[in-house]
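Asker: Can you read through this structure? Questions will come right after.
Numbering (the working numbering), first residue to last: 865 to 985.
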């Protein structure tokens with residue numbers, strides 16, 4: 865059975881819901897499964913990185929964002945925003961602030977809102 869885009873999107877949404885409800889272990893299992901089936905899709909990689917941030921696995925999230933998303937899409941503002949969050953969490957404020965300034969200037973309204981919240985801390 866081939867997983868359709870719609871099925872992968874639905875499973876990703878379920879993974880996000882688990883993540884945002886605090887069920888990090890289930891979120892990771894779901895997102896790892898989605899990643900195994902839909903490997904090279906940026907939205908799936910973003911979901912994987914976000915669950916790693918929520919689970920405190922900042923180094924893994926940074927690796928995914930830098931080496932699996934931004935290497936192919938260097939202007940991906942959501943990836944830069946979440947990279948800034950992960951870097952901020954491990955104490956690399958200077959680089960995080962630089963990313964937040966870029967996202968604040970070039971991101972969409974949601975990305976700008978998150979970046980600005982971190983810039984105003």
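Don't be surprised by glycine CBs; every beta carbon is placed ideally from N, CA and C. Keep in mind the model is a prediction, meaning the values are calculated, not measured.
Does the distance from the CB of residue 893 to the CB of residue 908 come in under 8 Å?
Answerer: The answer is no: Cβ separation not under 8 Å.
Asker: Expressed to the nearest angstrom, what Euclidean distance is found between the alpha-carbon atoms of residue 936 and residue 882?
Answerer: Distance between the alpha carbons of residue 936 and residue 882: 28 Å.
Asker: Taking residue 933 as the reference, give the member of 913, 872 and 950 with the closest Cα.
Answerer: The shortest C-alpha separation from residue 933 is found at 913.
Asker: What is the DSSP secondary structure of residue 898, reduced to helix, strand or coil?
Answerer: Looking at residue 898 - three-state DSSP - the assignment turns out to be helix.
Asker: Inspect the beta-carbon positions of residue 891 and residue 879 and report whether they are closer than 8 Å.
Answerer: Contact flag set, yes.
Asker: Closest to residue 869 by CA distance: which of 901, 896, 886 and 889 is it?
Answerer: Cα-wise, what sits closest to residue 869 is 901.
Asker: Note down the Cα distance separating residue 944 from residue 873, rounded to an integer number of angstroms.
Answerer: Looking at the two C-alpha atoms, the distance is approximately 22 Å.
Asker: Where does residue 971 land, buried or exposed, given buried means 16+ other C-beta within 10 angstroms?
Answerer: Label assigned to residue 971: buried.
Asker: Using the rule of at least 16 other Cβ atoms within 10 Å of the residue's Cβ for burial, across every protein chain shown, is residue 925 buried or exposed?
Answerer: Residue 925 should be labelled buried.
Asker: What is the residue span of the alpha helix (DSSP H) that residue 965 lies within?
Answerer: 957-970 is the span of the alpha helix (DSSP H), which, as asked, contains residue 965.
Asker: Less than 8 Å between the C-beta atoms of residue 954 and residue 919, yes or no?
Answerer: No, the Cβ-Cβ distance between residue 954 and residue 919 is not below 8 Å.
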